[in-house]
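Counting along the sequence shown from 1, when you hit position 328 you're at 327 in numbering that gives the first Met the number 0, and nothing is skipped either side.
No residue lacks a Cβ here, since even glycine has one placed at the ideal position from N, Cα and C.
On a predicted model such as this, the values are computed, not experimentally measured, just so you know.
Heads up: the structure comes next, in C-alpha cells.
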Amino acid sequence: MDEIRGDEIRGKAEGTAPVPLSVLDLVTVGQGRTATQALRTGVEIAQLAERRGFHRYWVAEHHSMPGVASSSPAVILAHTAAHTERIRLGSGGVMLPNHAPLVIAEQFGTLEAMAPGRVDLGLGRAPGTDGATAAALRRTERLNEGADDFPQQLMELTRFLDDDFPDGHPYARIHAVPGPVQATSEGGVQSPGRPPLWLLGSSGFSARLAGMLGLPFAFAHHFSAQNTIPALELYRESFKPSAVLDAPYALIGVAALAADDEREARRQVLTGALSMLRLRSGRPGLVPTPEEAEAYAFTPMEREFVDSWLVNIVHGTADEVRTGLDDLAKRTGADELMITANAHGGEARLRSYGLIADVYGLPGA
Numbered sequence: 000m001d002e003i004r005g006d007e008i009r010g011k012a013e014g015t016a017p018v019p020l021s022v023l024d025l026v027t028v029g030q031g032r033t034a035t036q037a038l039r040t041g042v043e044i045a046q047l048a049e050r051r052g053f054h055r056y057w058v059a060e061h062h063s064m065p066g067v068a069s070s071s072p073a074v075i076l077a078h079t080a081a082h083t084e085r086i087r088l089g090s091g092g093v094m095l096p097n098h099a100p101l102v103i104a105e106q107f108g109t110l111e112a113m114a115p116g117r118v119d120l121g122l123g124r125a126p127g128t129d130g131a132t133a134a135a136l137r138r139t140e141r142l143n144e145g146a147d148d149f150p151q152q153l154m155e156l157t158r159f160l161d162d163d164f165p166d167g168h169p170y171a172r173i174h175a176v177p178g179p180v181q182a183t184s185e186g187g188v189q190s191p192g193r194p195p196l197w198l199l200g201s202s203g204f205s206a207r208l209a210g211m212l213g214l215p216f217a218f219a220h221h222f223s224a225q226n227t228i229p230a231l232e233l234y235r236e237s238f239k240p241s242a243v244l245d246a247p248y249a250l251i252g253v254a255a256l257a258a259d260d261e262r263e264a265r266r267q268v269l270t271g272a273l274s275m276l277r278l279r280s281g282r283p284g285l286v287p288t289p290e291e292a293e294a295y296a297f298t299p300m301e302r303e304f305v306d307s308w309l310v311n312i313v314h315g316t317a318d319e320v321r322t323g324l325d326d327l328a329k330r331t332g333a334d335e336l337m338i339t340a341n342a343h344g345g346e347a348r349l350r351s352y353g354l355i356a357d358v359y360g361l362p363g364a
C-alpha cells in the first residue's frame, strides 16, 4: 500500500470548535436558479471554507434529482481544486456500485495529480437515487448484487489505487493512470501518494467494515440520526489498527443552518424540508423558495414528516447553532463535524457558514 499517514485524515479543531469542522455540499438548485449558479455557489462555499479554517469540502453523488446538481463529484472537485489552494477536497461520497472500480481509481488518481495531498475518496454502497435510475446507471435490474458485492469492489478499487494486484490475477497488468505505475516505470518520478479511502454509511454495514479494515468512517447523521450512536459504537468496537490509522476516526454529517434570527433560520430550513418531503413522495424538484414553503398547506401526515425532519437540523442564531453542534459532538463523540446547509439560495448557505465560523472564532474573519 502506498503511504497514507493518519495526519492526512485527522483534522485540527480551529478557534473554540470542539472538533474540526468541515463542509458537505449537495450543490442544491433552487427555483428560479440555474445549475450554473449552484455550481458557482459551491466554489464560493469551498473558498469561504478554506479561508475560515474548515478542514475539508466534500460533494455527494446524487442522480435524477432536479434540486441537486452533484451528479459528477469528480468533475466538480476538479473545478473546485482549480479555485482553491489548501482545503481538502473529496467525495461524500462516490457510490461504488454505480461505477467500475478502475474508473473511480482513474478519476481520483487524476484529482490527486491535480491537487496532490488534498484529495479524499469517500465511498458509499447506496445508489444515491431511485431504483429505476440505479438500474440505468448500472445497466442491470439486479440492484442488490452491487450492494452485496461492495467488499469485493472495495478490494478491487484499493488494488487499482495501489497498483498491487498479485501475479496471475486477471488485472495484474492493468494500471490506473495517473497512479503508482508511473513511479515504477523507467524514469518515473510520479508521487507515490494516493487519496485516503473513507467508508460512508447510514447503518451498521459500512461501520463494521470500516472498523475491520482500519479505515476512517463518515456517518450520515443528517438523514439517519436514529442510527448515529449505534453505528459509531459498532465502528469503534470493530476497529483494528491498520497502516492507515492506529485508532478510530469518525466524522458525522450534520444538517445545520445559522441565520441572523430564529425566524429566518426556520424559513430557510423549511425549504429543504419541503424539498425532502416531495422527494420522499416521488415528486423530486427544485428547492422551493422560503415564501412557497411558508405558504404550503401541509396535510397532518406531511406536517408530521416535516416536524420529524426538522428536529434533526441544527438551526437558529449562530449561538443556538453553536450550542447544538457542541451538544452533538459531546453526545456522539464524533472526531469531526461535516456541516451541510440546505436552503433555497446560495446567499443563505454562505451566510450560515460565515456565521458558524464567526461564532467559533475561526481564522480569516
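Where residue i sits in the DSSP three-state scheme
{"i": "Glu185", "result": "coil"}
{"i": "Tyr56", "result": "strand"}
{"i": "Ser21", "result": "strand"}
{"i": "Glu291", "result": "helix"}
{"i": "Val305", "result": "helix"}
{"i": "Glu335", "result": "strand"}
{"i": "Thr27", "result": "strand"}
{"i": "Gly315", "result": "strand"}
{"i": "Leu199", "result": "strand"}
{"i": "Leu88", "result": "strand"}
{"i": "Pro180", "result": "Reading the sequence as shown, one finds Val at residue 180 and not Pro. Looking at Val180 - three-state DSSP - the assignment turns out to be helix."}
{"i": "Val67", "result": "strand"}
{"i": "Val243", "result": "coil"}
Spatially closest choice to residue i from the options, by CA coordinates
{"i": "His220", "options": "Gly332, Thr288, Pro289", "result": "Gly332"}
{"i": "Asp148", "options": "Ser205, Ala131, Pro194, Leu110", "result": "Ser205"}
{"i": "Arg266", "options": "Thr288, Gly252, Tyr248", "result": "Thr288"}
{"i": "Leu366", "options": "Leu244, Phe222, Val26, Ala249", "result": "With the chain covering only 0 through 364, there is no way to say anything about residue 366."}
{"i": "Asp259", "options": "Asp166, Glu290, Leu354, Ala242", "result": "Leu354"}
{"i": "Gly66", "options": "Arg51, Ala80, Glu84, Arg32", "result": "Arg32"}
{"i": "Glu84", "options": "Tyr248, Ala45, Met64, Gly323", "result": "Ala45"}
{"i": "Leu122", "options": "Pro100, Ala134, Leu136", "result": "Pro100"}
{"i": "Val18", "options": "Ser307, Gly29, Asp24, Leu336", "result": "Leu336"}
{"i": "Phe304", "options": "Gly323, Ala294, Gly271, His314", "result": "Gly271"}
Residue i beta carbon near the ligand PLP (any heavy atom closer than 8 Å)
{"i": "Ala264", "result": "In the structure on display, the ligand PLP does not appear, and there are no ligands present to speak of."}
Element boundaries [alpha helix (DSSP H), containing residue i]
{"i": "Asp161", "result": "149-161"}
{"i": "Leu95", "result": "Element bounds for Leu95: n/a, residue is neither H nor E."}
{"i": "Leu354", "result": "345-358"}
{"i": "Leu273", "result": "261-279"}
{"i": "Gly41", "result": "34-50"}
{"i": "Leu76", "result": "72-81"}
{"i": "Leu110", "result": "100-113"}
Proximal residues to residue i (C-beta, below 7 Å), its chain only, five neighbours per side dropped
{"i": "Val118", "result": "Leu88, Gly89, Phe107, Leu110, Glu111, Pro194"}
{"i": "Ala125", "result": "Met94"}
{"i": "Asp1", "result": "With a pLDDT of 46 at Asp1, under the threshold of 50, the modelled position of this residue cannot be trusted; read the value that follows with caution. Closer than 7 Å at Cβ, skipping near neighbours: Asp161, Pro179, Pro191, Gly192, Arg193."}
{"i": "Ala68", "result": "Val26, Val28, Ala34, Ala37, Leu38"}
{"i": "Pro115", "result": "Ser190, Gly192"}
Opening and closing residue of the beta strand (DSSP E) in which residue i lies
{"i": "Ala217", "result": "216-218"}
{"i": "Ala249", "result": "249-257"}
{"i": "Gly123", "result": "118-123"}
Sequence-distant residues of the same chain with beta carbon closer than 8 Å to residue i, five excluded per side
{"i": "Tyr359", "result": "Glu13, Gly14, Thr15, Ala16, Leu20, Arg321"}
{"i": "Pro240", "result": "Gly213, Ala246"}
{"i": "Arg207", "result": "Leu233, Tyr234, Ser237"}
{"i": "Ala175", "result": "Leu101, Ala104, Glu105, Gly108, Phe159, Leu160, Asp162"}
{"i": "Pro150", "result": "Leu208"}
{"i": "Gln113", "result": "The sequence shown places Met at residue 113, not Gln. Hits under 8 Å: Ala77, Ala80, Ala81."}
Contacts around residue i, its chain only, beta-carbon distance under 6 Å, and the 5 residues preceding and following it disregarded
{"i": "Ile312", "result": "Ala254, Val268"}
{"i": "Val188", "result": "none"}
{"i": "Ala171", "result": "Phe164"}
{"i": "Gly315", "result": "Glu261, Ala264"}
{"i": "Glu60", "result": "Pro72, Val93, Met94, Gly127"}
{"i": "Leu76", "result": "Leu88, Leu110"}
{"i": "Gly384", "result": "There is simply no residue 384 to check, as the chain begins at 0 and stops at 364 in what is shown."}
Any chance the segment 335-351 sits against the segment 267-281, with 3 or more Cβ pairs inside 8 Å? yes
Assess contact between the segment 322-330 and the segment 278-297, defined as three or more Cβ pairs (one per stretch) separated by less than 8 Å. Is contact present? no
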